[in-house]
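>
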Amino acid sequence: MEQKKKVILVEDHAVTRVGVKHVVNASTDFEVVGEAEHSNQISQLLTEKMPDFMLLDLRIPGDNVLNLVKEWKKEHPNLKVVTLTMLDDQAIVHSAIEAGVDGYLLKSDDLSSLTKNLSEIASGKTVYSKNLKLTFSRKPQDGKVANKKEKQILTLLGQGKTYQEIGTDIGLSKRTVEYHVGRLKDRFNSKTVAELIGRAKEQMLI
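Using our numbering, you'd call the opening residue of the sequence shown number 1287 and step up by one each time.
(1) Grouping DSSP H, G and I as helix and E and B as strand, with all else coil, what is Leu1344?
(2) Under the three-state reduction of DSSP, which class applies to Gly1446: helix, strand or coil?
(3) Look up Ala1322 in the DSSP assignment and say whether it is helix, strand or coil.
(4) Are Glu1488 and His1466 closer than 8 Å when you measure CB to CB?
(5) List the residues that DSSP assigns as beta-bridge partners of Lys1366.
(6) Keeping to the same chain, check which residues put their C-beta closer than 7 Å to that of Lys1425; ignore five residues upstream and five downstream.
(7) Is the region 1441-1458 in contact with the region 1354-1371, if contact means three or more CB pairs nearer than 8 Å?
(8) Counting along the chain, where does the alpha helix (DSSP H) carrying Leu1294 start and finish?
(9) Bridge partners of Glu1317, per DSSP?
(10) Which value, in whole angstroms, describes the spacing of the CA atoms of Gln1427 and Phe1474?
(11) What number of angstroms, rounded off, separates the C-alpha of Gln1330 from the C-alpha of Asn1433?
And the structure:
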């Protein structure tokens, strides 16, 4: 039997920890091996447990944990950092993406989908809460590009550039470009980049 992937849980509310731990440990693929309630406990926990995943609440006592994500991932290159938070503010989501998180999940999500999301992240995907899309789509855009940055991304996609190349051209990380493209796909009701480009051309946006 394949060994379970190790998860550490960074959360200062005991009731939440108990619930999340129960869901994770009930799966066949993941196991909670350590818990932290304060930012100053995390580094030691990472060194001692060498986890595959960190489930991270953004509001815990101590330092701003988003400022520490890049350092953690540099020291532990195989670590997947996944937020599990109540914070759905767009600016915070952007900051988390720039910090390098591998997933942004909300506590309002159905907990039963947690391990499915972790499996997708383990396979290399970046996963965002479906509730985040609802938040961002609350005001219909009618297919219009919301800002100059998104139009730049559409134009460069139309030129056949990769996410990495686009990020280099306009000063964003690859992960942030992926995030913007995901939002554009939702707005234009497109499942693929090719469909997105086609719809943007139909509306003379590129």
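Each residue gets a CB set at the ideal place from its N, CA and C atoms; glycine is no exception.
The relevant details are as follows:
(1) Coil, per DSSP.
(2) coil
(3) strand
(4) no
(5) Phe1339
(6) Unreliable positioning characterises Lys1425 in this predicted model, as indicated by a pLDDT of 43, which lies under 50. A coordinate reading is not provided.
(7) no
(8) Sequence inspection shows Ile at residue 1294; the Leu mentioned does not correspond to that position. Not the alpha helix (DSSP H): Ile1294 falls in the beta strand (DSSP E), residues 1291-1296.
(9) Lys1292
(10) Confidence at Gln1427 is low in this model, with a pLDDT of 47, below 50, so its placement is unreliable and no value can be given for it.
(11) 42 Å
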